[in-house]
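> Sharing a structure below in structure tokens format, with a few things to ask.
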Amino acid sequence: MAALIKAASVQDLRRSLVAIGGDHLMILLAGTLSYLLWRDVAWWAAALAAPVTLTIAGRAMRGLECLVHEASHYNLTRRRRLNDAIANVLCAWSVLSEVQQYRTSHMIHHRSFGHADDPDRVRNLRLMLEDFDRSSLAALTVGAVRRIVPYVPGWWWAIGLDGGTVAKFVAWHVMALWLPLAVLLGPAQAAVFWVLAWGVPVFFALPVIRFIAEAAEHDYLPDDADATIFTRTWSNIGAIHRIVFHPHNDGYHAVHHLYPSVPHHKLHRVHRLLAERDQAFATDALIRTKVTSSA
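The sequence shown begins at 1 in the numbering used here and counts up one residue at a time.
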């Protein structure tokens, strides 16, 4: 397995850039549709399309966050300054994050997984995620609504959000989106486009998608001295996970914890090979293929 993991731990910056570009294209297309419906048809037409457009945009923004996570492990490129510059300029700043600060918390999660100082464990216990009912869509919705308000500031705490990151978020959106659109559409219409394409999705759709994704990653209770990454970590690999909640192979979470140097585009293959060759992984790994069931 060592040789396999070494071979799989080779970055491909071009593939990651294509993934980043695809996410931004999805946001642009969903935002353009919302804007055109609002401008050329009626506000209610944009509202009727909102479940689709917000899901597309929120999923794409979640994709950008997943690639920030990749960059926190230097999985875009081993050239560290370039890795962080790409992650911040093309991904993190646009979704109110910064890779260096995210990395600080995330490395504690990896080093202290399941222990008292694991920030993910702290948030899971505060939100009582072990009691999160997934038995039906209605139960999942009720559980998410109850937890989403305290979850959002908990996420900001976990990623080290501060005034500097907020300033970079504002500057990114002004320079990358509002200014070019203001030239084409005028300042007011550019602001409307931003609200529909980015403002509403990033502050409302993205947190919901992220919460459902993160709530499905780990089980920290009951405390068990014999617990392992296999028995504490869910691999969320159903179609709905891959398409909406865990883009860029983010759902192969057990493999990521075992081999964090493996980049996103290799995780599926390593997961499959582990299941074939490692009896403990094949026996103990927690696999979830649906959102509304425990397995």
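The beta carbon of each residue, even a glycine, is placed where N, CA and C say it ideally should be.
Since the structure is predicted, the reported quantities are computational estimates derived from the model, not experimental observations.
Which residue marks the beginning of the beta strand (DSSP E) containing I287, and which one marks its end?
Translated into positions along the sequence shown, residue 287 becomes position 287. Looking at the DSSP string, the run of the beta strand (DSSP E) that includes I287 is L286 to R288.
> Can you say whether D296 is buried or exposed, counting buried as having 16 or more other CB atoms within 10 angstroms of its CB?
This structure gives no information on residue 296, because the portion of the chain shown stretches from 1 to 295.
> With a threshold of 7 Å on Cβ separation, who are the neighbours of L37 within its own chain once the five nearest residues in sequence on each side are excluded?
For the purposes of this step, residue 37 is taken as residue 37 along the sequence shown, with counting starting at 1. These residues qualify, in order along the chain: A45, A46 and A49.
> Can you check DSSP and say which residues form a bridge with H218?
As a working note, residue 218 is residue 218 in the sequence shown. Paired residue(s): T233.
> Just to confirm the assignment: which complete alpha helix (DSSP H) runs, minimum length 4, are found wholly within the stretch 179-223?
With a minimum length of 4 residues, the continuous alpha helix (DSSP H) runs that stay inside the stretch 179-223 are 179-185, 187-194 and 206-214.
> For Q100, which three-state DSSP category applies?
The count along the sequence shown starts at 1 and reaches residue 100 at position 100. Looking at Q100 - three-state DSSP - the assignment turns out to be helix.
> Within the chosen definition, does the stretch 115-130 reach the stretch 140-157 through at least 3 CB pairs nearer than 8 Å?
The stretch 115-130, when compared against the stretch 140-157, does touch it at the 8 Å Cβ threshold.
> Could you spell out where the alpha helix (DSSP H) holding K266 opens and where it closes?
Position 266 of the sequence shown, counted from the start, is the residue given in the question as residue 266. Segment: none, K266 is in no alpha helix (DSSP H) and carries neither H nor E.
> Relative to the C-alpha of G58, which candidate in H73, G31 and V68 has its C-alpha closest?
Residue numbering aside, residue 58 sits at position 58 when the sequence shown is read from its first letter. It is G31 whose Cα lies nearest to the Cα of G58.
> Quick one: is E276 buried, meaning 16 or more other Cβ sit within 10 Å of its Cβ, or exposed?
Taking the first residue of the sequence shown as position 1, residue 276 is located at position 276. Burial call: exposed.
> Hey, would you say I240 sits closer than 9 Å to V291, going by beta carbons?
As a first step, residue 240 is located in the sequence shown; it is residue number 240 there, counting from the start. As a first step, residue 291 is located in the sequence shown; it is residue number 291 there, counting from the start. Yes, they are a contact pair.
> Can you give me the Cβ contacts of V266 inside the same chain, cut-off strictly under 6 Å, excluding the 5 residues immediately before and after it?
Numbered from 1 along the sequence shown, position 266 holds the residue referred to as residue 266. Correcting the residue identity first, residue 266 is Lys in this sequence and not Val. Here the set comprises A8.
> By Cβ distance, which residues of its chain are closer than 6 Å to V244, with the 5 residues on each side in sequence left out?
The count along the sequence shown starts at 1 and reaches residue 244 at position 244. Excluding sequence neighbours, V244 sits near R59.
> Assuming L177 contacts W194 (C-beta within less than 8 Å), just tell me the rounded distance between them.
Taking the sequence shown and counting its residues from 1, the one referred to as residue 177 is at position 177. Taking the sequence shown and counting its residues from 1, the one referred to as residue 194 is at position 194. Indeed they touch by this definition, with Cβ atoms about 6 Å apart.
> Could you spell out where the alpha helix (DSSP H) holding G163 opens and where it closes?
Position 163 of the sequence shown, counted from the first residue, corresponds to residue 163. Its alpha helix (DSSP H) spans residues G163 to H173.
> Give the range of the alpha helix (DSSP H) segment to which L29 is assigned.
In the sequence shown, counting from the first residue as 1, residue 29 sits at position 29. Element bounds for L29: L13 to L36.
> In three-state terms, what does DSSP make of T228?
In the sequence shown, counting from the first residue as 1, residue 228 sits at position 228. Coil at T228, not helix or strand.
> Give the DSSP-derived three-state secondary structure of V53 in the structure shown.
Here residue 53 refers to the residue found at position 53 when the sequence shown is read from its first residue. Reading off the sequence shown, one finds Thr at residue 53, where the question assumed Val. It is helical.
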